[in-house]
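Reading through the C-alpha coordinates given below for one structure.
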Amino acid sequence: MLNRIIVYVKIIRNLYLSRVKWRNYQIGDEFHAGARVRIWAKHKIVIGNKFYIGRDSLIETDCVIGDYVILGNKVGIVGKYDHHFQQIGIPIRVAMSIRDENYNWKGLDLVTTIRDDVWIGYGSTVMQGVTIGEGAIIAAGSVVTKDVDSYSIYGGNPAKKIRDRFESKEDLEAHKSKLIFFK
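This is the structure:
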(Lines of atoms letter the chains of each structure in order from A and count residues from 1; the text may use other names and numbers.)
(Lines give C-alpha, C1' and ligand atoms only; values in the text may rest on other atoms or scores of the structure.)
Protein backbone atom coordinates (compact mmCIF):
# COMPACT_ATOMS: atom_id res chain seq x y z
CA MET A 1 0.00 0.00 0.00
CA LEU A 2 2.77 2.46 0.92
CA ASN A 3 4.62 1.71 -2.32
CA ARG A 4 1.48 2.54 -4.29
CA ILE A 5 1.15 5.86 -2.49
CA ILE A 6 4.78 6.71 -3.24
CA VAL A 7 4.27 5.90 -6.93
CA TYR A 8 1.20 8.18 -7.10
CA VAL A 9 3.00 11.00 -5.27
CA LYS A 10 5.86 10.80 -7.81
CA ILE A 11 3.41 10.85 -10.72
CA ILE A 12 1.63 13.90 -9.28
CA ARG A 13 4.96 15.67 -8.61
CA ASN A 14 6.19 15.04 -12.16
CA LEU A 15 2.89 16.27 -13.62
CA TYR A 16 3.12 19.40 -11.46
CA LEU A 17 6.67 20.09 -12.63
CA SER A 18 6.00 19.48 -16.33
CA ARG A 19 2.53 21.05 -16.57
CA VAL A 20 2.63 23.83 -13.96
CA LYS A 21 6.10 24.87 -12.80
CA TRP A 22 7.74 24.50 -16.24
CA ARG A 23 4.59 25.08 -18.30
CA ASN A 24 6.39 27.61 -20.54
CA TYR A 25 8.45 24.76 -21.96
CA GLN A 26 7.27 21.89 -24.14
CA ILE A 27 7.62 18.69 -22.09
CA GLY A 28 6.43 15.29 -23.32
CA ASP A 29 4.63 12.47 -21.54
CA GLU A 30 6.12 10.30 -18.79
CA PHE A 31 8.56 13.02 -17.69
CA HIS A 32 10.53 12.37 -14.49
CA ALA A 33 12.72 14.80 -12.58
CA GLY A 34 14.73 13.91 -9.49
CA ALA A 35 15.04 16.16 -6.44
CA ARG A 36 16.49 19.64 -6.81
CA VAL A 37 16.37 19.72 -10.63
CA ARG A 38 16.41 23.18 -12.22
CA ILE A 39 15.27 24.01 -15.74
CA TRP A 40 15.57 27.41 -17.43
CA ALA A 41 16.09 28.71 -20.96
CA LYS A 42 16.10 32.15 -22.56
CA HIS A 43 13.82 31.07 -25.42
CA LYS A 44 12.86 27.40 -25.49
CA ILE A 45 13.16 23.95 -24.06
CA VAL A 46 11.55 21.05 -25.89
CA ILE A 47 11.69 17.65 -24.18
CA GLY A 48 10.39 14.42 -25.72
CA ASN A 49 8.52 11.51 -24.16
CA LYS A 50 9.84 9.20 -21.43
CA PHE A 51 12.55 11.64 -20.35
CA TYR A 52 14.44 11.15 -17.08
CA ILE A 53 16.59 13.79 -15.40
CA GLY A 54 18.37 12.75 -12.21
CA ARG A 55 18.65 14.65 -8.95
CA ASP A 56 20.71 17.82 -8.67
CA SER A 57 20.80 18.20 -12.47
CA LEU A 58 20.10 21.33 -14.45
CA ILE A 59 19.28 22.53 -17.91
CA GLU A 60 20.19 26.19 -18.24
CA THR A 61 20.21 26.89 -21.97
CA ASP A 62 17.94 26.59 -24.98
CA CYS A 63 17.63 22.88 -25.64
CA VAL A 64 15.79 20.31 -27.76
CA ILE A 65 15.79 16.79 -26.29
CA GLY A 66 14.40 13.65 -27.93
CA ASP A 67 12.49 10.65 -26.58
CA TYR A 68 13.87 8.02 -24.18
CA VAL A 69 16.70 10.23 -22.91
CA ILE A 70 18.37 9.71 -19.54
CA LEU A 71 20.34 12.43 -17.77
CA GLY A 72 22.04 10.95 -14.72
CA ASN A 73 22.41 12.73 -11.40
CA LYS A 74 24.34 16.02 -11.32
CA VAL A 75 24.30 16.49 -15.10
CA GLY A 76 24.51 20.06 -16.38
CA ILE A 77 23.48 21.36 -19.78
CA VAL A 78 24.86 24.88 -19.64
CA GLY A 79 25.61 27.95 -21.72
CA LYS A 80 28.99 29.02 -23.07
CA TYR A 81 28.18 32.71 -22.94
CA ASP A 82 26.04 33.14 -19.82
CA HIS A 83 27.99 36.29 -18.88
CA HIS A 84 29.40 38.96 -21.19
CA PHE A 85 32.99 38.36 -20.11
CA GLN A 86 34.37 40.80 -22.70
CA GLN A 87 32.42 43.80 -21.45
CA ILE A 88 35.08 46.51 -21.12
CA GLY A 89 35.64 47.84 -17.61
CA ILE A 90 33.02 45.59 -16.02
CA PRO A 91 33.87 42.69 -13.66
CA ILE A 92 32.38 39.41 -14.89
CA ARG A 93 30.27 39.10 -11.73
CA VAL A 94 28.29 42.25 -12.63
CA ALA A 95 28.54 42.06 -16.43
CA MET A 96 25.45 41.50 -18.56
CA SER A 97 23.98 38.03 -18.12
CA ILE A 98 21.94 35.97 -20.55
CA ARG A 99 19.10 36.17 -18.03
CA ASP A 100 18.98 39.95 -18.51
CA GLU A 101 16.17 41.12 -20.75
CA ASN A 102 18.47 43.38 -22.81
CA TYR A 103 21.30 40.83 -23.20
CA ASN A 104 22.52 41.02 -26.80
CA TRP A 105 25.91 39.32 -26.85
CA LYS A 106 26.95 35.83 -27.97
CA GLY A 107 24.98 32.64 -27.43
CA LEU A 108 21.46 33.84 -28.15
CA ASP A 109 21.11 31.64 -31.24
CA LEU A 110 22.82 28.51 -29.87
CA VAL A 111 20.57 25.51 -29.18
CA THR A 112 21.77 22.28 -27.60
CA THR A 113 20.27 19.21 -29.30
CA ILE A 114 20.11 15.77 -27.70
CA ARG A 115 18.58 13.17 -30.00
CA ASP A 116 16.53 10.05 -29.04
CA ASP A 117 17.87 7.16 -26.94
CA VAL A 118 20.77 9.06 -25.33
CA TRP A 119 22.27 8.40 -21.89
CA ILE A 120 24.36 11.11 -20.24
CA GLY A 121 26.21 9.77 -17.20
CA TYR A 122 26.63 11.11 -13.68
CA GLY A 123 28.31 14.47 -13.29
CA SER A 124 28.68 15.24 -16.97
CA THR A 125 28.49 18.73 -18.45
CA VAL A 126 27.16 19.45 -21.93
CA MET A 127 28.01 22.86 -23.36
CA GLN A 128 25.57 25.05 -25.27
CA GLY A 129 25.23 24.53 -29.02
CA VAL A 130 26.36 20.89 -29.06
CA THR A 131 24.43 18.12 -30.82
CA ILE A 132 24.49 14.65 -29.28
CA GLY A 133 23.54 12.09 -31.91
CA GLU A 134 20.87 9.41 -31.57
CA GLY A 135 21.74 6.47 -29.33
CA ALA A 136 24.92 8.03 -27.95
CA ILE A 137 26.30 7.48 -24.44
CA ILE A 138 28.29 10.08 -22.53
CA ALA A 139 30.51 8.58 -19.81
CA ALA A 140 30.25 9.86 -16.23
CA GLY A 141 32.17 13.03 -15.50
CA SER A 142 32.61 14.03 -19.14
CA VAL A 143 32.62 17.56 -20.53
CA VAL A 144 31.01 17.65 -23.98
CA THR A 145 32.27 20.63 -25.99
CA LYS A 146 31.73 19.34 -29.55
CA ASP A 147 29.12 17.33 -31.44
CA VAL A 148 28.82 13.62 -30.62
CA ASP A 149 28.33 10.92 -33.28
CA SER A 150 25.21 8.74 -33.18
CA TYR A 151 25.51 5.34 -31.47
CA SER A 152 28.92 6.17 -30.03
CA ILE A 153 30.36 6.28 -26.51
CA TYR A 154 32.21 9.45 -25.58
CA GLY A 155 34.11 10.27 -22.40
CA GLY A 156 36.68 12.56 -20.87
CA ASN A 157 37.40 16.26 -20.59
CA PRO A 158 36.95 17.32 -23.29
CA ALA A 159 34.87 14.31 -24.33
CA LYS A 160 36.29 12.22 -27.16
CA LYS A 161 34.98 9.11 -28.90
CA ILE A 162 35.90 5.94 -27.00
CA ARG A 163 34.16 3.43 -29.23
CA ASP A 164 30.93 2.55 -31.01
CA ARG A 165 27.98 1.62 -28.82
CA PHE A 166 27.39 -1.68 -30.61
CA GLU A 167 29.99 -4.34 -31.46
CA SER A 168 28.85 -4.81 -35.05
CA LYS A 169 26.83 -3.10 -37.76
CA GLU A 170 24.41 -6.03 -37.63
CA ASP A 171 23.73 -5.37 -33.91
CA LEU A 172 23.22 -1.66 -34.63
CA GLU A 173 20.78 -2.42 -37.46
CA ALA A 174 18.91 -4.94 -35.28
CA HIS A 175 18.64 -2.31 -32.53
CA LYS A 176 17.33 0.31 -34.94
CA SER A 177 14.77 -2.09 -36.45
CA LYS A 178 13.37 -2.92 -32.99
CA LEU A 179 13.16 0.75 -31.98
CA ILE A 180 10.21 1.10 -34.32
CA PHE A 181 8.05 -0.49 -31.60
CA PHE A 182 8.89 2.39 -29.23
CA LYS A 183 8.00 5.24 -31.58
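Residue numbers (the numbering used here): 1413 to 1595. All C-beta atoms, glycine included, are put in the ideal place defined by N, C-alpha and C. These figures come from a predicted structure and were not determined experimentally.
Can you check whether the CB of Val-1476 is closer than 8 Å to the CB of Thr-1525?
-> Taking the sequence shown and counting its residues from 1, the one referred to as residue 1525 is at position 113. Taking the sequence shown and counting its residues from 1, the one referred to as residue 1476 is at position 64. In contact: Thr-1525 and Val-1476 (Cβ atoms closer than 8 Å).
What did DSSP end up calling Ala-1551 once you bin it into helix, strand or coil?
-> The residue you call residue 1551 lines up with position 139 of the sequence shown. Here Ala-1551 sits in coil by DSSP.
So, using beta-carbon positions, are Gly-1440 and Ile-1459 closer together than 8 Å?
-> Position 28 of the sequence shown, counted from the start, is the residue given in the question as residue 1440. Position 47 of the sequence shown, counted from the start, is the residue given in the question as residue 1459. In contact: Gly-1440 and Ile-1459 (Cβ atoms closer than 8 Å).
Alpha-carbon spacing of Leu-1483 relative to Gly-1535, whole angstroms = Position 71 of the sequence shown holds residue 1483. Position 123 of the sequence shown holds residue 1535. Answer to the nearest angstrom: the Cα atoms are 9 Å apart.
Does the beta-carbon of Ile-1592 have 16 or more other beta-carbons within 10 angstroms, so that it is buried, or is it exposed?
-> Reading the sequence shown from its first residue, position 180 is the one you call residue 1592. Exposed, since its Cβ has fewer than 16 Cβ neighbours within 10 Å.
Taking buried to mean at least 16 other C-beta atoms within 10 Å of its own C-beta, is Phe-1497 buried or exposed?
-> Along the sequence shown, read from residue 1 onward, the residue named residue 1497 stands at position 85. Under this definition Phe-1497 is an exposed residue.
Can you tell me the Cα-Cα spacing of Asn-1516 and Lys-1590, whole angstroms?
-> Within the sequence shown, residue 1516 is the residue found at index 104, counting from 1. Within the sequence shown, residue 1590 is the residue found at index 178, counting from 1. Looking at the two C-alpha atoms, the distance is approximately 45 Å.
Boundaries of the beta strand (DSSP E) in which Arg-1425 is found, first to last residue = In the sequence shown, counting from the first residue as 1, residue 1425 sits at position 13. From DSSP, Arg-1425 is part of no beta strand (DSSP E) but of the alpha helix (DSSP H) over 1414 to 1428.
Which one or two residues does DSSP pair with Lys-1572 in a beta bridge?
-> As a first step, residue 1572 must be located in the sequence shown, where it is residue number 160. Looking at the DSSP assignment, Lys-1572 forms a beta bridge with Gly-1567.
Along the chain, where does the beta strand (DSSP E) that runs through Lys-1472 open and close?
-> Counted from its first residue, the sequence shown places residue 1472 at position 60. The sequence given here has Glu at residue 1472, not Lys. Unbroken beta strand (DSSP E) run through Glu-1472: 1470 to 1472.
For the beta strand (DSSP E) holding Trp-1517, just list the boundary residues, first then last.
-> Residue numbering aside, residue 1517 sits at position 105 when the sequence shown is read from its first letter. Element bounds for Trp-1517: n/a, residue is neither H nor E.
Where does Arg-1450 fall in DSSP's three states?
-> On the sequence shown, residue 1450 is found 38 positions in, with the first residue counted as 1. Arg-1450: strand per DSSP, three-state reduction.
Since Trp-1531 sits in a beta bridge, which residues does DSSP pair it with?
-> As a first step, residue 1531 must be located in the sequence shown, where it is residue number 119. According to DSSP, Trp-1531 bridges with Ile-1482, Ile-1549.
Output yes or no for whether 8 Å exceeds the beta carbon distance between Glu-1546 and Asp-1559.
-> What you label residue 1546 is simply residue 134 of the sequence shown in a count that begins at 1. What you label residue 1559 is simply residue 147 of the sequence shown in a count that begins at 1. No; because the gap between Cβ atoms is not below 8 Å, this pair is not in contact.
Cα-Cα separation between Gly-1568 and Lys-1462, rounded to whole angstroms = Indexing the sequence shown from 1 puts residue 1568 at position 156. Indexing the sequence shown from 1 puts residue 1462 at position 50. If I take the Cα positions, the gap works out to 27 Å.
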